[in-house]
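Our numbering puts the first residue of the sequence shown at 3, with every later residue one more than the last.
Cβ coordinates follow ideal geometry from the N, Cα and C atoms, glycine included.
Each remark here refers to the structure printed beneath this line.
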Amino acid sequence: MTDHSSKRRRFLVAGMTVVGGAGLAAASWPFLAYMLPSERARTIGGPVTIDISKLEPGQQIVAKWRGKPIWVLRRTPQILETLGTPAHRAKLRDPDSLVTSQQPAYAQNPTRAIHPEHFVVIGICTHLGCVPTFRPEVAPADIGDDWDGGYLCPCHGSRFDLDGRVWKGVPAPTNLVVPPYHYLSDTVVQVGIDPKPA
Ligand code: FES
3 MTDHSSKRRR
13 FLVAGMTVVG
23 GAGLAAASWP
33 FLAYMLPSER
43 ARTIGGPVTI
53 DISKLEPGQQ
63 IVAKWRGKPI
73 WVLRRTPQIL
83 ETLGTPAHRA
93 KLRDPDSLVT
103 SQQPAYAQNP
113 TRAIHPEHFV
123 VIGICTHLGC
133 VPTFRPEVAP
143 ADIGDDWDGG
153 YLCPCHGSRF
163 DLDGRVWKGV
173 PAPTNLVVPP
183 YHYLSDTVVQ
193 VGIDPKPA
């Protein structure tokens with residue numbers, strides 16, 4: 003049997019601020035929320051601004067938009083490399099994000115993102131709406147040798163990779179949904195508004 007301890011990644015985890023919402027509490031991996039939307043923005047479902055300046059490689063922060071958890075993951079070069087390997091892609095139902103309802107056109111690309119380093123996604127399982135758990139480790143003992151890091155739904159076991167792409171053979175039918183978003187600067191993301199046309 004292979005010893006996987008040597009190839010597990012270390013992920014930095016900092017202090018956290020919990021965003022309201024019972025679903026968010028279901029995530030067992032620590033998370034951060036640097037900037038919360040104003041009460042008014044939350045009430046009317048307006049755009050949400052997220053400061054990602056303190057996000058370290060491997061970290062994920064959580065915000066809230068229209069009552070839904072929004073995850074922003076800063077992916078490492080190693081994560082990005084794994085997402086593109088044939089062995090990993092073979093595990094996925096829709097590796098090329100061909101189901102167009104699951105992301106804006108500008109995120110229908112190999113990293114499902116505007117900038118590959120930052121993955122922005124709605125943290126709701128596409129099966130029945132549970133909040134998947136952030137599990138970025140490779141081959142943890144409780145998930146299995148074939149796990150490349152991703153999101154695991156605690157309700158019925160659906161698996162998603164760190165692109166939010168669903169595995170084959172799980173209850174969830176489609177990839178996680180990438181919301182409309184754009185960058186206000188290199189370190190500030192706004193969710194709820196598409197980028198301006200070039
Ligand atoms: S709600 Fe996620 S697997 Fe059923």
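Straight-line Cα distance separating residue j from residue i
| i | j | result |
| --- | --- | --- |
| residue 106 | residue 143 | 35 Å |
| residue 102 | residue 86 | 20 Å |
| residue 159 | residue 184 | 31 Å |
| residue 117 | residue 127 | 23 Å |
| residue 119 | residue 91 | 19 Å |
| residue 196 | residue 89 | 33 Å |
| residue 49 | residue 170 | 33 Å |
| residue 149 | residue 199 | 38 Å |
| residue 55 | residue 67 | 19 Å |
Cutoff 8 Å; reference residue i; Cβ partners in own chain excluding five residues on either side
| i | result |
| --- | --- |
| residue 151 | 11, 81, 84, 137, 138, 139, 140, 163 and 164 |
| residue 52 | 36, 37, 63, 65, 72, 74, 190, 191, 192 and 193 |
| residue 168 | 94, 95, 96, 128, 160, 161, 162, 174, 175, 176, 177 and 178 |
Beta-ladder partner(s) of residue i, from DSSP
| i | result |
| --- | --- |
| residue 169 | 94 |
| residue 122 | 74 |
| residue 188 | None; residue 188 has no bridge partner. |
Beta-carbon contacts of residue i that lie in its chain and below 6 Å, excluding the five residues immediately before and after
| i | result |
| --- | --- |
| residue 180 | 105, 109, 114 and 123 |
| residue 147 | 141 |
Original post:
With distances taken from each beta carbon to the nearest heavy atom of ligand 1, which residues come in below 7 Å, in chain order?
Top reply: Result: 127, 129, 130, 131, 132, 134, 155, 157, 158, 159, 160, 172, 173 and 174.
Subject >> Contained alpha helix (DSSP H) runs [length at least 4] in the stretch 62–90, N- to C-terminal order >> reply: If we require 4 residues or more, the alpha helix (DSSP H) runs fully inside the stretch 62–90 come out as 79–85.
Original post:
Quick one: complete beta strand (DSSP E) runs, 3+ long, within the stretch 128–156?
Top reply: For the stretch 128–156, the full-length beta strand (DSSP E) segments reaching 3 residues or more read 135–137 and 152–154 along the chain.
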